[in-house]
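In the numbering used here, the protein residues as written are 5 to 129. All C-beta atoms, glycine included, are put in the ideal place defined by N, C-alpha and C. No experiment lies behind these values; they were computed from the predicted model shown. Shown next, in structure tokens, is the structure this report addresses.
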């Protein structure tokens, strides 16, 4: 399986909230934006995101791979329940993108660096 196949399977795992399979794609010692969160912390972050944004869906718009790295641009069209990145969304439909880079180790995501376009969200409020 190629790194892009692994990544697409990971995104499918997220969109299906199949948390029992997450360990197949995410390393036990995963780091998020430089902080070691571990698999359990990463899973807790994702579960919280889906609780706060029930219609969350990861839509891959751009995918570039140079193993062991992947660069992806994700698009989101969703409805956060309350605040999101400190912004009072309160059930309003918003659209924004995330530019995210991943490093794989032994066919699992070891590092994630994410930048969300908060300015795009602010412009919609």
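Tell me whether residue i counts as near the ligand FMN, meaning its Cβ is closer than 6 angstroms to at least one heavy atom of that ligand.
{"i": "residue 101", "result": "Ligands displayed in this structure: none; no statement on the ligand FMN is therefore possible."}
Report the rounded CA-to-CA distance for residue i versus residue j, giving the unit in angstroms.
{"i": "residue 54", "j": "residue 60", "result": "6 angstroms"}
{"i": "residue 124", "j": "residue 6", "result": "33 angstroms"}
{"i": "residue 93", "j": "residue 86", "result": "6 angstroms"}
{"i": "residue 42", "j": "residue 50", "result": "12 angstroms"}
{"i": "residue 9", "j": "residue 26", "result": "15 angstroms"}
{"i": "residue 64", "j": "residue 16", "result": "10 angstroms"}
For residue i, collect the residues of the same chain with a Cβ closer than 7 angstroms to its Cβ; drop the 5 residues on either side in sequence, then sort them by chain order.
{"i": "residue 75", "result": "68 and 105"}
{"i": "residue 107", "result": "72, 73, 114 and 115"}
{"i": "residue 100", "result": "80, 120, 121, 124 and 125"}
{"i": "residue 1", "result": "Residue 1 lies beyond the residue range present for the chain, which begins at 5 and ends at 129; the question has no answer from this structure."}
Helix or strand or just coil, what does DSSP make of residue i?
{"i": "residue 116", "result": "strand"}
{"i": "residue 9", "result": "helix"}
{"i": "residue 110", "result": "coil"}
{"i": "residue 133", "result": "As displayed, the chain neither begins before 5 nor continues past 129, which places residue 133 out of reach and without an answer."}
{"i": "residue 32", "result": "strand"}
{"i": "residue 39", "result": "strand"}
Compare the beta carbon distance of residue i and residue j with 7 angstroms and say whether it is the shorter of the two.
{"i": "residue 31", "j": "residue 112", "result": "yes"}
{"i": "residue 78", "j": "residue 102", "result": "yes"}
{"i": "residue 19", "j": "residue 80", "result": "no"}
{"i": "residue 82", "j": "residue 57", "result": "yes"}
{"i": "residue 29", "j": "residue 46", "result": "no"}
Keeping to the same chain, check which residues put their C-beta closer than 6 angstroms to that of residue i; ignore five residues upstream and five downstream.
{"i": "residue 128", "result": "98"}
Which runs of the beta strand (DSSP E) fall wholly inside the segment 52-87 and span at least 3 residues, in chain order?
-> Listed in chain order, the complete beta strand (DSSP E) runs (minimum 3 residues) inside the segment 52-87 are 63-70 and 73-82.
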